[in-house]
Amino acid sequence: MTKCTTPTASFPRCKGRQVTAGFDGGEITSDGGALLLRQLNHEMGLTRSIARRLDDARASRRCQHRAETMLRQRVFGLALGYEDLNDHHALRRDIALQTAVDTDGVLASQSTLCRFEQQASRQWAVAIQEEIVEQFIRSFRRPPTKRLILDFDATDDPVHGEQLGRHFSGFYDGYCFLPLYVFCSQQLLVSYLRPAYRDAAHHAGAILALLVRRLRQAWPEVKIVFRGDSGFCRPLILDWCERHGVEYIVGLATNSRLETMSLDIRYESAIRWEAERTKQRHFGRIDYAAHSWKCPRRKVVVKAETSHRGFNTRYVVTNLRGSPQWLYDSRYCPRGDMENRIKEQQWLFSDRTSCHEWWPNQYRLLLAGLAYLLLERLRRVYLKRTAYATAQVTTLRLKLLKIGGVVIRNTRRVRLMLSSHYPDQVLFLKLAKKLAPG
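Sequential numbering of the sequence shown, starting at 1, is according to UniProt numbering.
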């Protein structure tokens, strides 16, 4: 039915003037920065490489929307802040998004996108995971000379329906999935969905083996370090690392035997606290072997901290060389930054796993990872020595992607007339110039 009138909203007067608002401005976009995503995607070849590997069961002659187009539409939508398929009911007509996706027509509707996602399978997950790793390898112009530290960590993904694979987690006190993430510095390597009844290290050893094999194929001399919290201190993983020349630094859960063996270190910290009444941190090394270990591991680092809050003792097992304090402060503690990377995945809506079937939910988790790859490359490569060099993805979205403007499209060109009062105009133009095809 044709709308003859446009609903408007009225607001209090301003300096005697009537104030109204209505959605009758015509072709105006709030996502002018989507063109930056388009150029990043072209440079990386991200969606093109993935789309070629997806097993699409649709009859191609009857399909209006290609797999690559729908993949771009969803990844760009997540990067721009649109988490739900329902948002695409209106977004599909946004000319700026259509241009970013490289099409002239109306984009796929939410129902079309939903049907496409329901095709997701294990083959899709493997194809996308492999491309993420290949993107990491291609990000290096020459073989890395420094150690590659692979951070493993798990997080909860709460669910509120009857999704397949959901389980109640006593630790998180709710029904959830337990995805596993692997990062190297700020670069994503693995985004793997798992049921919550598994422990944090489930399949971590197999994933580590696959990553090490592929990275050594690309760089035979590369040194690799496996890093994780105490949830990943498993004898099978540590034994595998020692057999295959992989270094590791992993947290070790406290127990009564460790506390007994580290009593001298903790006692020294407490004595200093009593004497000086300032926080004391003392480090040492002990020989320790759990019953499940084949041999004692000499490098169990002990950090004993005493303050007005009480005692805080931590244990870390490693085969790296160095002083106990250096190993703890400079090698183990930086893994805490991975929490920020996981938060960025969630800010890109990795937790929108509301499909009933398992593989579509894994696909959605990976879509958030692909959106992260685009924004992480923008930050790491093109925003060096700028105010946004360490900005999180939400800041990048707000400052560089959410730009209002008028869109004009005719047979000759598409023109975006962006807001004259946009504060980062100089930076935006520099980025556009750097990302322009050579």
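Cβ atoms here follow ideal geometry from the backbone N, Cα and C, with glycine treated the same way.
Val250 counts as buried, since at least 16 other C-beta atoms from the protein chains shown sit within 10 angstroms of its C-beta. The C-beta of Ile271 has fewer than 16 other C-beta atoms within 10 Å across all chains shown, which makes the residue exposed.
Annotation for Ala368: Leu78, Gln345, Leu348, Phe349, Ser350 place their beta carbon closer than 7 Å to its own, counting only its chain and skipping 5 residues before and after. Of all alpha-carbon atoms in Ile28, Gly32, Pro7, the one lying nearest the alpha-carbon of Gly22 is that of Pro7. Here the C-alpha atom of Arg385 lies approximately 14 Å from the C-alpha atom of Val426.
In this structure, DSSP gives Lys433 a helical state, which the three-state scheme calls helix. The Cβ neighbour count for Thr155, taken over all protein chains shown within 10 Å, is at least 16; the residue is labelled buried. The beta carbons of His65 and Ala108 sit closer together than 7 Å. Val101 and Leu37 have their C-alpha atoms some 9 Å from each other. Under a 10 Å Cβ-count criterion, Gln163 is classified as buried, with 16 or more other Cβ atoms of the shown protein chains found around its own Cβ. When Cβ pairs closer than 8 Å are counted between the two stretches, the stretch 14 to 33 is seen to touch the stretch 392 to 409, the count reaching three or more. For Asp151, the enclosing beta strand (DSSP E) starts and ends at 148 to 154. Per DSSP, His308 has no beta bridge partner at all. In this structure the stretch 225 to 238 lies against the stretch 317 to 332, because at least three pairs of beta carbons, one per stretch, are closer than 8 Å. Annotation: the continuous beta strand (DSSP E) that includes Asp287 extends over 280 to 288. By the beta-carbon neighbour count (other beta carbons within 10 angstroms, threshold 16), Lys433 is exposed.
The shortest CA-to-CA distance from Gln187 to any of Phe428, Ser121, Arg397, Leu370 is the one to Leu370. At the C-beta level, Phe183 and Arg341 come within 7 Å of one another. Judged by DSSP secondary structure, His65 falls outside any beta strand (DSSP E); it is assigned neither H nor E. With contacts defined as CB atoms closer than 7 Å, Pro195 and Gly161 fail to qualify as a contacting pair. Around the C-beta of Thr306, 16 or more other C-beta atoms lie within 10 Å, and the residue is accordingly described as buried. Taking each of Leu40, Gly174, Gly284, Gly310 in turn and checking the Cα distance to Glu274, the smallest one comes out for Gly310. The DSSP-derived three-state label of Asp24 is coil.
Within its own chain, the residues whose Cβ lies closer than 6 Å to the Cβ of Leu383, once the five positions on either side in sequence are excluded, are Ala389, listed in chain order. Here Ile224 is bridged, per DSSP, to Leu148. Assigned with DSSP and collapsed to three states, Gln18 falls in strand.
Straight-line spacing of the CA atoms in Tyr332 and Tyr363 works out to 32 Å. Fully enclosed alpha helix (DSSP H) runs of no fewer than 4 residues occupy 338 to 347 of the stretch 329 to 364, in order along the chain. If only uninterrupted alpha helix (DSSP H) runs of at least 4 residues are considered, those enclosed by the stretch 375 to 423 are 393 to 396.
Its chain contains Thr47, Val101 as the residues whose beta carbon lies nearer than 6 Å to that of Arg72, once the 5 sequence neighbours on both sides are disregarded; these appear in chain order. For Tyr175, the uninterrupted beta strand (DSSP E) segment begins and ends at 174 to 177.
For Ala9 and Ala90, the gap between their C-alpha atoms comes out near 20 Å.
Note on geometry: alpha-carbon atoms of Val381 and Ile128 lie some 22 Å from one another. Fully enclosed alpha helix (DSSP H) runs of no fewer than 4 residues occupy 67 to 80, 88 to 91, 95 to 101, 110 to 117 of the stretch 60 to 131, in order along the chain. Here Leu429 is exposed, its C-beta having fewer than 16 other C-beta atoms within 10 Å. Contact between Leu210 and Phe226 is absent: CB atoms are separated by about 13 Å, not below the 8 Å threshold.
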